[in-house]
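Numbering (the numbering used here), first residue to last: 438 to 815.
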């Protein structure tokens, strides 16, 4: 018996679900929000770190400028008026030293220093620093010596609201006199090259320091002699032959009369300058970012070789009584590094210094240094 086979329709097998290959809209929004928060956080950290770095760099620049000013001025002030064994003779220098130079020195040999105070910047005065640097004429500065105006060679170079000082000093030569042949005509012979540049001023003293001569030399630093110049250089000498006979114990020094002041630097910023006054040399820019220099002079009125009072330059009646110098400098960063203008005022030796235009965004530092004049302690 035959059986009929039943046939069944085969249903198609459902296709497998495709794996998920992307984000849902909600997940995408959440991811973007988290990414934005992280990016903002990182950016904020970077900006904060960058501001801190810039402020730290600005502060470091101002501090370095302050240290440099002190490192330059303090040694020169300590040696001001130090004339070695000549000072031990107990006589005025103009009686011991024959000044052979044509014309007088800018600051007399007997004075260790002389200063000029900018009008209206003394203790008790309120000063607003200029927004733009200006270098007015000499009439804006006063010295305690009656009729002594700022030297013409400095007029028009010093910025407003800043003081000026000129320092007289001696530097012993590092090589001794040739004991076998100490003098040859108008030359003092040395055992090696003098190291003193051409046309500089020299002081030579006898071995017992009873007398000396101040004169301008004519030969170069690589010469093993100090040759007296004639009248064909500036300032030149009144003759080119020594009035003294120098012996093996002769002592020789380089004499400098150096001015320090604040001028406009090559980058347009205020800067500390120095200038050799005799013979007159081109100004030297030493350090940028020094905004103003304020100076007080410690006057010894009781003969104790110590300061009895500190006064500005226009109140010094006798510069030979100055026993110490107190100076203050205001230094600033090169750029605007603060978040907002810094309108604070600064006390500089009793003068209140305010910034122009309610301040800029630079970091500023005030420092004070007091230096005794070793030449007044001998």
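Each residue gets a CB set at the ideal place from its N, CA and C atoms; glycine is no exception.
Discussion item. My output table needs one value for residue 551: the three-state DSSP class, helix, strand or coil.
Written reply: Looking at residue 551 - three-state DSSP - the assignment turns out to be strand.
Item to complete: Kindly list the residues whose CB is nearer than 6 Å to the CB of residue 686, restricted to its own chain and excluding five residues on each side of it in sequence; keep chain order.
Response: Counting only Cβ-Cβ distances below 6 Å, and skipping sequence neighbours, we find 644.
Worksheet item: Residue range of the alpha helix (DSSP H) that residue 531 falls in?
Response: For residue 531, the enclosing alpha helix (DSSP H) begins and ends at 530–533.
Discussion item. Quick check on the DSSP output: the beta strand (DSSP E) that includes residue 691 runs from which residue to which?
Written reply: Here the beta strand (DSSP E) through residue 691 covers 688–701.
Practice prompt. Compare the C-alpha of residue 499 against each of 727, 476, 621 and 698 and name the closest.
Written response: The shortest C-alpha separation from residue 499 is found at 727.
Discussion item. Can you find the residues in the same chain that come closer than 8 Å, C-beta to C-beta, to residue 737, ignoring five residues on each side of it along the sequence?
Written reply: Non-local C-beta neighbours of residue 737 in its own chain, meaning closer than 8 Å and more than five positions away in sequence, comprise 743, 744, 745, 758, 759, 760 and 813, ordered along the chain.
Discussion item. Measuring CB atoms only, is the stretch 596–605 touching the stretch 615–628, in the sense that at least three cross pairs come out at less than 8 Å?
Written reply: Using a Cβ-Cβ distance cut-off of 8 Å, the stretch 596–605 and the stretch 615–628 are not in contact, since fewer than three pairs of beta carbons, one from each stretch, lie closer than that value.
Worksheet item: In terms of alpha-carbon separation, which member of 507, 473, 470 and 480 lies closest to residue 730?
Response: It is 507.
Discussion item. With the cut-off set at 7 Å, would you say residue 770 and residue 748 are in Cβ contact?
Written reply: Result no, Cβ atoms of residue 770 and residue 748 do not sit closer than 7 Å.
Worksheet item: Any contact of the stretch 674–682 with the stretch 547–565, i.e. 3+ C-beta pairs under 8 Å?
Response: Cβ pair count under 8 Å is below three, so no.
Discussion item. I need the DSSP call for residue 710, collapsed to helix, strand or coil.
Written reply: Reduced to three states, the DSSP call for residue 710 is strand.
Worksheet item: residue 476: buried (16+ other C-beta within 10 angstroms of its C-beta) or exposed?
Response: Classified as exposed, residue 476 has fewer than 16 neighbouring CB atoms from the shown chains inside 10 Å of its CB.
Worksheet item: What beta strand (DSSP E) runs, 3 residues minimum, are completely inside the stretch 535–609?
Response: Taking only runs of at least 3 residues, the beta strand (DSSP E) segments lying wholly in the stretch 535–609 are 550–555, 563–565 and 601–609.
Worksheet item: Is the CB-CB distance between residue 540 and residue 672 below 7 Å?
Response: Yes, the pair counts as a contact, with Cβ atoms nearer than the cut-off.
Worksheet entry | Close-in-space but distant-in-sequence residues of the same chain around residue 616 (CB under 7 Å, 5 per side omitted) | Hits under 7 Å: 685.
Discussion item. Measuring straight from C-alpha to C-alpha, what distance separates residue 578 and residue 776?
Written reply: Going from the Cα of residue 578 to the Cα of residue 776 covers about 37 Å.
Item to complete: Quick one: using the 10 Å Cβ neighbour count with 16 as the cut-off for buried, is residue 479 buried or exposed?
Response: The C-beta of residue 479 has fewer than 16 other C-beta atoms within 10 Å across all chains shown, which makes the residue exposed.
Fill in: Sub-7 Å separation of residue 580 and residue 793 beta-carbons
Taking 7 Å as the Cβ cut-off, residue 580 and residue 793 do not qualify as a contacting pair.
Item to complete: Just the C-alpha distance for residue 807 and residue 516, rounded to the nearest angstrom, thanks.
Response: One alpha carbon belongs to residue 807, the other to residue 516, and they sit about 14 Å apart.
Worksheet item: Do you know whose CA, among 668, 708, 635 and 576, lies nearest residue 766's CA?
Response: When 668, 708, 635 and 576 are compared, the shortest CA-CA separation from residue 766 is found for 708.
Item to complete: Go through its chain and collect everything with a Cβ distance to residue 809's Cβ below 6 Å, but skip five positions before and after it.
Response: If the five residues before and after residue 809 are omitted, its C-beta is found closer than 6 Å to the C-beta atoms of 761, all from its own chain and listed in chain order.
Worksheet item: Taking only runs of the alpha helix (DSSP H) that begin and end inside the stretch 492–526, which ones reach a length of at least 4 residues, in chain order?
Response: Complete alpha helix (DSSP H) runs here, min 4: none at all.
Worksheet item: Are residue 655 and residue 664 closer than 7 Å when you measure CB to CB?
Response: Yes, Cβ-Cβ distance for residue 655 and residue 664 is below 7 Å.
Worksheet item: What are the uninterrupted segments assigned as beta strand (DSSP E) that are 3 or more residues long and contained completely in the stretch 724–777, given in chain order?
Response: Fully enclosed beta strand (DSSP E) runs of 3 or longer: 727–736, 746–748 and 759–769.
Worksheet item: Excluding sequence positions up to five away, which residues of its chain have a Cβ less than 7 Å from the Cβ of residue 510?
Response: Excluding positions up to five away in sequence, the list reads 697 and 764.
Practice prompt. Have a look at residue 648 and residue 547 and give me their C-alpha separation to the nearest angstrom.
Written response: Rounded to whole angstroms, residue 648 and residue 547 show a C-alpha spacing of 15 Å.
Discussion item. Tell me the residue span of the beta strand (DSSP E) that contains residue 785.
Written reply: First-last of the beta strand (DSSP E) with residue 785: 782–785.
Worksheet item: Taking DSSP as the reference, what is the three-state secondary structure of residue 801?
Response: If DSSP states are grouped into helix, strand and coil, residue 801 belongs with the strands.
Item to complete: With residue 652 as the anchor, note down where its beta strand (DSSP E) starts and where it stops.
Response: Following the DSSP letters along the chain, one finds residue 652 inside the beta strand (DSSP E) bounded by residues 649–653.
Practice prompt. Spell out the partners DSSP gives residue 476 in its beta bridges.
Written response: None; residue 476 has no bridge partner.
Worksheet item: For residue 572, which option in 543, 635 and 597 has the closest C-alpha, if you only look at C-alpha atoms?
Response: The shortest Cα separation from residue 572 among 543, 635 and 597 belongs to 597.
Item to complete: Assuming residue 710 contacts residue 651 (C-beta within less than 8 Å), just tell me the rounded distance between them.
Response: Not confirmed; about 25 Å, so no contact.
Fill in: C-beta contact flag for residue 636 and residue 661 at 7 Å
With respect to the 7 Å criterion, residue 636 and residue 661 are not classified as neighbours on the basis of their beta carbons.
Worksheet item: Out of curiosity, what's the CA-to-CA distance linking residue 592 and residue 505?
Response: If you take the alpha carbons of residue 592 and residue 505, they lie about 25 Å apart.
Worksheet item: Is it the case that the Cβ atoms of residue 802 and residue 565 are separated by a distance below 7 Å?
Response: With contacts defined as CB atoms closer than 7 Å, residue 802 and residue 565 fail to qualify as a contacting pair.
Worksheet item: In its own chain, which residues sit with a C-beta less than 6 Å from the C-beta of residue 613, not counting the 5 before and 5 after it?
Response: For residue 613, the CB contacts under 6 Å within the same chain, skipping 5 residues up- and downstream, are 628 in chain order.
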